[in-house]
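Before any comments, here is the structure.
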Amino acid sequence: MTSVNFKKRKKEKMVGKKQAVGSGKIPSSGPQRAKPVVGFFSFTCCEGCEFTVLFLDELPELMEKLDIQHFHLIKQKNKDAEFDLAFVEGAITTKEEARKLKRIRSQSKLLVALGACACYGGIPAMLNFIENKELGKYIYNQQMLSDSIEAQPIASFVKVDYYMYGCPILKKEFVDFVSNYLEGKETTPFEGPVCRQCPRRGVNCFLREKKVCLGALTHGGCNAVCIKQNIPCIMCRGPLETANFPAEAALFKSWGLEEKDIIGKLGKFGGQNVRKSMGAKPADAKEKKEDDKKTRP
Ligand code: SF4
Ligand code: SF4
Ligand code: SF4
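So for the sequence shown, my numbering puts the first residue at 242; every next one is plus one.
This is the structure we're talking about:
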């Protein structure tokens, strides 16, 4: 069993390279062309963030204002172009994906990470901690790709101009961001944890009932939507760079939670850097490949 490391960690170790520095402000210069050229790109993920865009009531209106050249969910012919704005969802899990991402970056003035997978590695990063013997049970009849690498957030490979958090992203945040962009305005991200918008803050906090709620560790801005439905926060918007993981882990341990469960809960959306910083060991890459051969159907 892995053990939780309660020692203080360096901030960058806790949250990775640049991916959790915060959403940052989008440059206010705005689009240079009458109709900015936009691309949507998807890497390893469920594509739920792109579907969120697809299901926007405002999409027809936005499509009149944007020249969308690449969005495989709505376009039969997708073009390579010089993009004013590129939206990227998904974690990077192969060398080929990393090469493609770098090419997209080189062709894009602004690049936005869409959702937890792109921002932190999200759900795909969980595979880094599972041996292929185990993974083989979940991959249907497929073979692992020969150029697989550790699942990583896109900021491990390219500069990201803006982070849009969530699993999936929030419709309103996307619409506000694009509207601001079209008007040449900055988008200022919400600051602080989920607790800031939580109606249970204080005596009704889930933590007082010994229910695992990760709101204090998590980027706010979702209006504490889950808590309003009586569901504790699972950190889908990713870890705040100021989050005190050791304190939260110690609290859960004092309730009797097992260390592997604590790592699982705190690392689910925290990506590999949070898991690693808590002592979880990634499966060895070489070993993964060898295991993989054994477990291929
Ligand atoms: S962040 Fe969530 S909804 Fe978006 S692509 Fe990843 S898994 Fe899907
Ligand atoms: S988000 Fe969770 S931890 Fe924060 S105040 Fe609300 S119930 Fe408590
Ligand atoms: S409350 Fe937590 S899990 Fe729910 S949407 Fe907000 S960040 Fe995600």
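Built from N, CA and C at the ideal position, the CB exists for glycine as well.
Residue from the options whose Cα sits closest to the Cα of residue i
| i | options | result |
| --- | --- | --- |
| Ala354 | Pro277, Lys276, Ile475, Ser283 | Ser283 |
| Ser387 | Arg437, Glu338, Cys360 | Glu338 |
| Ile395 | Lys341, Pro434, Phe415 | Lys341 |
| Cys286 | Ala327, Tyr361, Phe447 | Tyr361 |
| Val399 | Ser349, Ile364, Thr428 | Ser349 |
| Val453 | Glu489, Arg441, Arg442 | Glu489 |
| Phe486 | Arg516, Leu300, Met405, Lys522 | Arg516 |
| Gly363 | Ile345, Lys343, Pro409, Asn319 | Pro409 |
| Val279 | Lys494, Glu305, Leu498 | Glu305 |
| Gln393 | Cys436, Gly425, Met367, Cys477 | Met367 |
| Pro430 | Met519, Gly462, Asp325 | Gly462 |
| Ser420 | Lys276, Phe324, Leu303, Arg274 | Leu303 |
| Leu314 | Glu291, Lys320, Val329, Pro301 | Glu291 |
| Pro440 | Lys469, Lys276, Ser397 | Lys469 |
Contacts around residue i, its chain only, beta-carbon distance under 6 angstroms, and the 5 residues preceding and following it disregarded
| i | result |
| --- | --- |
| Trp496 | Lys451 |
| Glu391 | Asn369 |
| Cys467 | Cys474 |
| Cys358 | Cys286, Gly331, Ala332, Pro365 |
| Leu345 | In the sequence on display, residue 345 carries Ile and not Leu. Only Phe282, Ala327 meet the Cβ criterion. |
| Phe569 | Nothing about residue 569 can be reported from this structure: the residues present for the chain run from 242 to 538 only. |
| Gln317 | none |
Terminal residues of the alpha helix (DSSP H) in which residue i lies
| i | result |
| --- | --- |
| Val401 | No alpha helix (DSSP H) contains Val401, which DSSP labels as neither H nor E. |
| Leu411 | Note, Leu411: premise wrong, no alpha helix (DSSP H); not H, not E. |
| Lys426 | Here Lys426 belongs to no alpha helix (DSSP H), and DSSP marks it neither H nor E. |
| Leu500 | Reading off the sequence shown, one finds Glu at residue 500, where the question assumed Leu. Note, Glu500: alpha helix (DSSP H), 500-508. |
| Lys235 | Missing from the structure shown is residue 235; the chain here goes from 242 to 538 and no further. |
C-beta neighbour in chain C for residue i, strict 8 angstroms
| i | result |
| --- | --- |
| Phe431 | The chain inventory of the structure shown lacks chain C, comprising one protein chain alone. |
Nearest-angstrom Cβ-Cβ length linking residue i and residue j, presumed shorter than 8 angstroms
| i | j | result |
| --- | --- | --- |
| Gly479 | Gly511 | 7 angstroms |
| Leu458 | Ala484 | 4 angstroms |
| Thr293 | Phe415 | 7 angstroms |
| Leu351 | Asp308 | Wrong, their Cβ atoms sit about 15 angstroms apart, outside the cutoff. |
| Lys412 | Leu297 | 6 angstroms |
| Asn471 | Gln438 | At roughly 15 angstroms, the Cβ-Cβ gap does not stay under 8 angstroms, so Asn471 and Gln438 are not in contact. |
Where the beta strand (DSSP E) through residue i begins and ends
| i | result |
| --- | --- |
| Glu391 | 389-393 |
| Leu351 | 349-355 |
Beta-carbon proximity list for residue i, same chain, < 7 angstroms, skipping 5 on both sides
| i | result |
| --- | --- |
| Leu481 | Pro434, Leu458, Thr459, His460 |
| Gly521 | Residue identity differs from the one stated: residue 521 is Ala in this sequence, not Gly. Thr243, Phe370, Ile504, Gly508, listed in sequence order. |
| Arg442 | Cys436 |
| Lys320 | Gln310, His311 |
Cut-off 8 angstroms between Cβ atoms - residues of its own chain near residue i, not counting five sequence neighbours on either side
| i | result |
| --- | --- |
| Ala322 | Val278, Gly280, Gln310, His311, Gln348 |
| Arg274 | Asp308, Asp325 |
Original post:
Which ranges does the alpha helix (DSSP H) cover as unbroken runs of at least 4 residues, wholly within the segment 445-489, from first to last along the chain?
Top reply: As far as the segment 445-489 is concerned, its whole alpha helix (DSSP H) runs of at least 4 residues are 466-469.
Original post:
Hey, which unbroken runs of the beta strand (DSSP E) at 3 residues or more fall wholly within the segment 265-336?
Top reply: 278-283, 308-311, 324-330, 333-335
Original post:
Counting by C-beta, which residues lie closer than 7 angstroms to a heavy atom of ligand 5, in chain order?
Top reply: Of the ligands this structure carries, namely ligand 1, ligand 2 and ligand 3, none is ligand 5.
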